[in-house]
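If you count the sequence shown from 1, position 82 lands on 82 in our numbering, and the numbers rise without skipping. From the three backbone atoms N, C-alpha and C, an ideal C-beta is built for every residue, glycine too. Shown next, in structure tokens, is the structure this report addresses.
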Amino acid sequence: MGAIMLSVTAGQGTHTVTSMMDFLVVKALSSYNAILGRPTFNNLKVVTSTYHFKMKFPIEAGVSEPRGEQILARECYVQKLKARAPIVCLVSNSGEQPPPPPWVEEEQDIKARDESNLLQAKANEPLEIVKLHPERPTATTRVGTKLPPKYQEALKQLIIEHIDVFTWSYEDMPRIDNKIIEHRLCVNLEAKKVLQKRRSFGTKKCMAIAKEIDRLLAARFIREAHYPEWLFNVVLIKKPMIRMNKTDEEKTMFITSRGLYCYRVMPFGLKNSGATYQRESFVVLCEYKMKLNPAKYAFGVNSGKFLGFIVSRRGIEANTEKIEAILHMAPP
């Protein structure tokens, strides 16, 4: 939010020292009025001992040895767990340029979701690209080429007539009415509430998280939240579709370097119907305001590959490509 220079007196009684220090003002919940960092300790020549719960630093009259207060420290810790009131947090940065954000962890790799890598069924036959809208080059879907020409053209026309069941971005999706379906969290009311501390991530990871948050905010899948009772670190949900019950939204709250957010929707996936019932499927989709991503669908196909198997009208069969080595294995 900004920076401010304040006069800070450290020590107790007459054993004190005063110095001007720069503080960064952060918009974040905290049970502390200010947090003094290493630049401040270096400026005051402080030596700390967590075992003895005290610190030493030189003053004009000798050495000051302020001690910590265990009761006050425990009260701050309890207040931190509650985290109900917004308190301005000041981070010390005495006499130095603003330090980089505390993103130091490099062990794990967290990336914004790449939907192209999500598991999808693939058609087991050649496909033809069908343009659904003359003014939108990306508005396409796919149709199987092994259908008789008469049925293939009829299927294309049917899909184009029902273009309103497709959408090409989450932002364009209407919201399914809560009266149709909504998700409730099954939470034990006697369970101890969890408030996790924010994890620190590397710069690249934090940029990826920020990008994903912007995408989820634009799609109205999440909203900004305050005063958490449940708080967790970043969790990316695969397919947010169904709306959350309003009373359960803040139970999904998570923390990032940009603030607190909670989910408005929960995971959901649609199963595509066969070509025989395609028109009925479109009617149902329109009735309940559900949308399909045409890039993920192929219409009028006889079989497809999924999880290493062949799925067709006959049912689920072994994929010969996967068992080719066994089929050609010499008998013992």
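- One alpha carbon belongs to ILE160, the other to PHE221, and they sit about 29 Å apart.
- Secondary structure at LEU195: strand, using DSSP grouped into helix, strand and coil.
- A straight-line Cα-Cα distance of about 9 Å links THR138 and LEU132.
- For LYS150, the uninterrupted alpha helix (DSSP H) segment begins and ends at 149-161.
- Each residue's CA atom was taken as its position, placing LEU72 and VAL78 some 10 Å apart.
- The C-beta separation of LYS251 from VAL187 comes to about 6 Å, placing the pair in contact by the 8 Å criterion.
- DSSP places CYS262 outside any alpha helix (DSSP H); the residue lies instead in the beta strand (DSSP E), whose first and last residues are 259-263.
- It is roughly 28 Å from the alpha-carbon of GLU324 to the alpha-carbon of LEU147.
- C-alpha of LEU231 to C-alpha of ASP248: approximately 13 Å in a straight line.
- Per DSSP, ALA318 is one residue of the beta strand (DSSP E) stretching across 315-318.
- With contacts defined by Cβ atoms closer than 8 Å, ARG258 and ILE213 form a contacting pair.
- Bounds of the beta strand (DSSP E) holding THR141 are 140-144.
- In the three-state reduction of the DSSP assignment, ILE323 falls in the coil class, being assigned neither a helical nor a strand state.
- When C-alpha distances from GLU229 are compared across ARG223, ILE310, ALA208 and GLN196, the shortest belongs to GLN196.
- Sixteen is the threshold: when 16 or more other Cβ atoms of the shown chains lie within 10 Å of the Cβ of ILE255, as they do, the residue is buried.
- Assignment of beta-bridge partners to GLU128 by DSSP yields VAL143.
- DSSP places ASP214 inside the alpha helix (DSSP H), whose first and last residues are 203-218.
- Taking 8 Å as the cut-off, the Cβ atoms of LEU29 and ALA3 do not count as close.
- Counting along the chain, LEU44 sits inside the alpha helix (DSSP H) bounded by residues 38-44.
- If you compare the alpha carbons of THR167, ALA191, ASP164 and LEU260 with that of ALA210, the shortest gap goes to LEU260.
- Taken atom to atom, the span from the alpha-carbon of GLU75 to that of ARG215 is near 39 Å.
- Look at LEU285 here: in three-state DSSP terms it is helix.
- Taking a 10 Å sphere around the C-beta of CYS206, we find 16 or more other C-beta atoms and assign the residue as buried.
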